[in-house]
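Just so you know, the sequence shown maps onto residues -18 to -1, 1 to 1223 in mature numbering (1 follows the signal peptide of the UniProt record, and there is no 0).
Here a beta-carbon is modelled for each residue, glycine too, at the ideal position from N, C-alpha and C.
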Amino acid sequence: MNILLLLYYFTTATSAYAQRIPTRATVPVEPSPHLSAVPVHRPKVSSSQISPNPDRIHNALEFTPYYGVPFGPDSGDHEVFPGMLNPGEMINLHMYFPFYGGLYNYTIISANGYIGFAQLYTQGPILNVGVENTDWPRQPDPAMIAPWLCKQQVNQDLQPGMKAGVYYRLILRQSLFGHESTANYPSAMSSQSKFFTQPASQACQGTPDSYIQCNQQSDLFLEQMMVWLQEGVVGASVFRADAALVVTWLNTAPGISGNTDLGGTATYQLIWLADQTAKLSYVILNYDKLGFDADDFHFNSRNGRCQALFNGGNHTGTVHVDPTIHYKESPKILAQRSGVPHMVRGRYMFRVDDIVRPGGCSNKTGGTYPMLIYPNIVNMLGETTVDVNAMCLERSHTYILMIEQRQSATCVVMNPSIARCYLPKVFDWGTKTVYFQAQKGNLNAQQDKAFVGYIYFVPPTIDPIRLDIGNVNDWFKNPVPFQRMPISWYPRNFTNSDVTIQNYMAVENEELYSVQLGLYVIGYREAQDDQIEHWYLNSWERENLLYTYRFGYMKLAPIDTNDATGLNLLPGLVSSPISIHWLWSPTDTAEQFNVDNFSEQAQKARLEFVEKKATEMCHDWFAEDGAQYNFIRYTETNASCPCVESQAKIDLGRFMPHPRCSQILRDISCDTTLGSQNCYISAQNVYTSYYAGDGQQFNADSTPPFETHYGQMCCYDGEGTLMQSNYEPLLKITDQYPYNPGYPTRAYEFGTYPFIGYVQGAGSFTTLDNQKFVFNEPGVFTLLHIPKTLTNPEVRIQIRLERYPNRRVDFGLLGRYLSQADLVQPTNATVVTGIALEATGTDRVIVMVRKDTRRFRYRTSVIVGNIIRYFDNMKLQKFKGVVIYVNNVEHGQAEVYVVLEEAQIGVRIRESYALDIARLSGYQESLGLLDIELSVPPRYGVPPNGGQPYRQQFPSMFKYPPVTGLMRPNSVSGLLNVPLTIDEVNPASLLQQLIANYRIPGSGLPDVQTPIINAVGTSKVENMFTTSTENDKRYEVFPEWAIKSLPVYKTAEKFDRYPYQFNPKDGAMLTRLLETCDNLQSNVKVNVFEVKRQIMHQYGRSGCPNDPREVLDECVESVPCLYDYTMLDSKVLGIEGKKEWIIFQLERTVGSKYYNSCGAIMIEYPSYMLKTPAMAPAYLEGDVASFSCYQTHWIKGDYEYKCSEVQNWDGTYGVEWNKGWQPWCRSRSKDTLYQWVTGAC
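Dropping the structure here:
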C-alpha cells in the first residue's frame, strides 16, 4: 500500500485543554556550584531569603532555596514529641495514600529519617530493610519512604540560635469537605457548600488535631506541588493532588555523635501527594544539607551507613533514590545533585503508587535504569510525541529514542529533566523496547546507555487517547447521516510552537496553551504511486483523482503559523480509520466545500457518483483478488467455528470472547450480528500450514504452521448454536450491510474440540486426560511441557505451590503472645500463587497473586519480560508471540487470560475465583490464591478420556509430541464423569510420582532432594520464576524481580522443621479429623478432668475448623469443598470451590461432546422462498431445514431437508442432507392459470 496524501480540510481556532495553574512565586536556587553535568537556572535570590530570622524556625512563609516548602509552627506544623523520636510517632492521614501496592491511612514518623507503616527492627548499629538485608518474616521488613535512613538524634541541648526537630503537617483540599475556595472556581460559580451544616473551612478545622490544614492556602499549596511535578515528571499533568503529607527533618545529627560533632547535621524534607481515589501518588524529596554519611564517630562512614530508599515491605522490593556509583561512594551527594536541576539542587521526584518509578533525570551512566515514558501507549500511525524522563539533558546535545526493530525517533530538550520525542510510523501491534541515548558524534563517547523502557504500539481503533470523531460507523454510510460530527480527545495539552520557551518550561504560562488547531484529513490509496511524500491535492487532483483515496484518518494538530507552505504538519492526535468517500465529487469541486451553494441536485449527483465508483471498486477487487485461489483457500482453512458455544467457551487457545458481544465481558451491544447472544473471535492471527509441492494441499503433519493475515468470528444464539445467514430475509434491518447479518455454518468437521484441565483451591486437579486428584506439596512444578517438534513449538508452563497461611492468627497479639516470626503461620495445604508460561520464540509471562495487604487496587501482577504490565486502559495487549487480555468485570485484574499464539494454548487465571470482595463484609481484601484453567488444542493428541487406541501398535501413524506435567501425569488415565473420591486426596503413591517427575530442582522443602531430570521428555528444568531469558536479564535490577522471584507466603525457618513441617493429609486422615472435630462439637463432655478438658479445648482450637458440623452439612460429598473448607478454614473458599468444581465438570462434559455437521445445504435460493424458522440452526445431525414461500406463492420441489447419518459405499458412516429436488416458488395466480390451462386441455 503506497501512501501518502495530505488533504487540508478545514481549520478551527480554539484554546486546547489546559489546567489553570495559579501563578507561583519564583523558586530561587542555591547559588553554590552544582555537581551535575547540566546547567542550572539560577534566579536572583533576595537578601531577605538568604538571612534567616533567628527568632523563627523558618524565615518566611514563602518558598525558599533551603527547605523546599515552608515548615515549622508558623506553617501549622506539629513537632514529633521528643519521647517518640526513636520509635516514631503514629499519625492519622484521614484518607488512603497508595504506596508500593498498598493503601495506608496512617504513618509512623521517626527521627531516623523515614516514615513507615510498621515497626522497624532497631537492634544493632545498622537499620536494615529490604530483601537482601532482612530475614523476613523472622525479622520485620516494614514498608517505608526513607529520605535518609540511619540512626539519628535530635539534640535537645542545642547551641544558642540553633533549632532542631522533626515537623509534619497534613494538607487536604477543600473539595474533600465541600468546596468553598475561589482558587479553583470563578467567583460566580463559587457556592457556599456545607459540611454537616457548617462551612467547609470550619469542618476542616474541626478535624481532630490541628496538624491538618484545609483552606484556601492548602489548595494553593497543592496546585504549586502539581506545577513542580509537571516540570519534572512526565505524565504528572493528569494527576490532581487532593492531599499532601509534609515531613521535615531539621538539623538531625548522627545517632552516636556528641556535642563536638553537631557541625555535621542534616536537613531534608519529604512531600507525599495523593489523589482522592487513592490511585496515583507522588513523592518529592528535598535535601538542603547532608552533613554525615553514616551513624559513626567524627563523621566516619564505616558503621551504620545512611540510605535513601523506598521499601515495599515484606520482601516486596526496594528502590534506591540514586543508584549511581557516586551515591554508593558518598550518599551525601544527594544534596549536591538533583533530579530536576533546572528547579533547585537536592530535589528528587518519584511516582510511588504501585511499583516505584523515578521521575526527573538521573546521572547514571552504566548498568540499567528505567525510563519513565508518557504516554507509553501510542498509535502505530505515529503523528504524535512522547515525553521521556531519562538522563539529565543538555541543550547542546542531540538525543534519540531508539525503537526495537524500527527506526529511531528524534528528541528535543524541553528542560534538563524532560525530552520530547517525535515518533515515526510503526506498523506493528505490540510492545517495543526503546533506548534513550545522546548522539555526541564520537562513538566512543556514547557512554550513557543505561536508560531503557518500552512503548506499546496499538492500532488506532483501540488507542485509548485517539481522536474521537463521533460514531465511526456513520462515516462509512452514503450519505454521511449528520452534517455535524462531535470531536473529542483525551485531555492532553497542545503546546503553542510560536511561544519561545524560556526558563526551560514555565507550565503556568497561559500563552503556552493558547493555540490554533487544524483538523486534517490524511488519505491512503492502494495503487502504484511514485510520489510518497505529504502534499495537498490541487483542484484537478481533487476533481479527477480524489475518489482513488478510499480510506484515511483525521488528525487534530496545532497550526504552525511560521510555515508559509503549510506542509509542516505538527504532531497531534489521530482518529480511527474511516472511509473518505464523503469527499468525492463528480464535477464541480467548489460545491464540495462551499456548503452555502450546495444544491440538492449536486447532492444527488454526488451520491450516485459515490455509489457508482464504490460498485466499480468492488468489481475490480473481486476480479483482481476475490476470485484468486489463495483468497478462497485463506478463507476456508482450519479456522472453522466450533460447532456449539460450549466448545467455543472452553477453547481458550484459539478463540476469545468478542469485546463488544459477550456475556462474559458484559458488553452485549452485538452490533455486528444482530440476534446473537455471544460472539467469539480468533485469539490470534489464524495459523495454518500447507506444502506447495503437495498439490497446494494442507499437510499439517509434516510442515510447521505459519501465521496468516486474517481471523475468524463466530456468533451463537441463545441456545448456543451458530448464527446463520437468513437465506431470504423478510425484512432488511441493517442498512449498512448488503445482506441480513449472519454467518455461514463453518463448524468443526471432525469434532475437534479442545482438551481442558483445571486446578483450583487447595490443589484439586482435573487433568487434560480426565484424572482427578488432590495434590499438595510446596514448590515449583511443571504444569505442562511439550517438546519442540517439526510442527509444534516447545511449550513450558510452571506453577508455584505455597503453603496457605493460617488466617486465624490474630496480629493484635504481636509483642505479647506472638513473635514476629509467628505472624505468618502456614497450614498443611498448598495453593497456587503463580504461573509462568513461555513457548519457543515468545516472551515469558508470569502472573502472580499479590502479597497480603497489597491486593486493593491490583489483585494479580502480570509480568512480561521482567516488567510489570498494567491493563487499566488497554484490556487486551499483544506481546511477542503472546496475547494477554483481562476481564475487568471485577476490578483489580482478577481474571487474566494468556494465549500462546503459535502453540494455540490458552490459560485462564483467576484470583480468589474472581469473587466480588466488596460484597464480602468480613474480608478487607481478596483471599490470595489462584485457580487455573488450561486449554490445549487437539493437535497435541490428548483425548479427554485418556484413551490412546492403536498408538502403540502403529506409532508411525501418530506424530503427536509427548505431553507431560501435572496436567497429564504419566499414569493410568481416568474415565469421563467419574467423580473425585476421598481416596484420591494426597495418596502416597501419587505424591511420590508427581514430586519425583515434575518438581523443579531447588524449589519446595529444603530437606527434599529432587532428581536433576524430573520429567519424562523434559530437557530444561530451570525455575522460570527465578531465572530470566537472555533478553530479559537486563531488567533484573528492576523491583519486579522481587515480586516474581520470592514467595508470596514466606514463613520462618522453624516452620520447615518438626513439629511444624509440611505434612499433607490424605483422605483417611481428613475423614478422621472431621469425625473427631464433629464429635468434640456435638458431644460436649462435662464430667472430665481439667487437664483432659484443656487438651480437648486446645486441640479443637488449633486443629479443627471453626464449625466442623457446618463443613459436613454444606459440602456433603464434594471432596474439593471438604478439603478446602477444612484445611483452609474458610467457608467462602469451601462453598466457592464446590460450585466451581461442578461448573467445570459440566462445561468439560458438554464441551467434549462429539457433534456431526452436515454443513450448508447445496441448493439455490430463488426469489420469494423463505427458510422457516428463519434463524433456526440447520447444520447439526438431527436438524431439519424447512422452506416455504410468500403467501402469494406456492412451494414446489422438496421443501424439507434433514441432516442424518448415512452409510458410505466403503462401509463407513457419515452425515449429510437427504437428496431432493430443488425447492422453488410459483405465484398462486400463475399456478391457477397453469392448472386451468392443463385442465382445459
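Whole-angstrom distance between residue j and residue i, CA atom to CA atom
i, j, result
"G872", "F757", "Position check: residue 872 holds Glu in this sequence, whereas Gly was assumed. Approximately 29 Å between the Cα atoms of the pair."
"P639", "S664", "9 Å"
"K1047", "V967", "8 Å"
"N752", "F1126", "12 Å"
"R862", "P406", "Inspection of the sequence shows that residue 862 is occupied by Lys rather than by Arg. Their Cα atoms are separated by approximately 21 Å."
"residue 1236", "R981", "There is no way to answer for residue 1236, as the model of the chain reaches only from -18 to 1223."
"I451", "R532", "18 Å"
"V881", "I887", "6 Å"
"H1175", "R1208", "5 Å"
"G743", "F853", "25 Å"
"S57", "L267", "19 Å"
"Q387", "D430", "20 Å"
"I39", "T249", "With a pLDDT of 42 at I39, under the threshold of 50, the predicted position of this residue should be treated as unreliable, and no value is reported."
"Q645", "D699", "12 Å"
"E1096", "T946", "36 Å"
"G95", "T963", "58 Å"
"A432", "V370", "14 Å"
"Q802", "V215", "38 Å"
"N197", "R789", "43 Å"
Bridge partner(s) assigned by DSSP for residue i
i, result
"Q742", "S746"
"R319", "According to DSSP, R319 bridges with nothing at all."
"E61", "Y149"
Close Cβ partners of residue i (< 8 Å) along its chain, the five nearest in sequence each way excluded
i, result
"D278", "P236, I238, R284, N285, G286"
"G874", "R837, F838, R839, Y840, R841, T842, E893, S908"
"Q1217", "none"
Local conformation of residue i per DSSP, three classes
i, result
"W1176", "strand"
"T415", "strand"
"S344", "strand"
"M1157", "coil"
"W566", "coil"
"G1221", "helix"
"A1167", "strand"
"M1151", "strand"
"P540", "strand"
"Q1204", "coil"
"N358", "coil"
"F433", "strand"
"A803", "helix"
"T104", "coil"
"E114", "coil"
Cβ shell of residue i (< 7 Å), same chain only, five flanking positions each side left out
i, result
"K833", "N296, T298, V1030"
"P1087", "C1059, V1093, Y1107, T1108, D1111"
Other residues of its chain near residue i: CB distance less than 6 Å, five sequence neighbours each side excluded
i, result
"Q289", "L131"
"Q258", "D224"
"R778", "H767, E820"
"R222", "D257"
"Y264", "L211, L255, R333"
"T815", "R782, E784, V831, V1030"
"R859", "Correcting the residue type first, residue 859 is Gln in the shown sequence and not Arg. Excluding sequence neighbours, Q859 sits near I866."
"I850", "I337, S843, E1022"
"F81", "V334"
"G847", "D825, D1014"
"P1041", "none"
Start-end ranges of the beta strand (DSSP E) lying completely within the segment 198 to 257, minimum 3 residues: 225 to 236, 248 to 256
Whole beta strand (DSSP E) elements within the segment 819 to 849, 3-residue minimum: 827 to 831, 842 to 846
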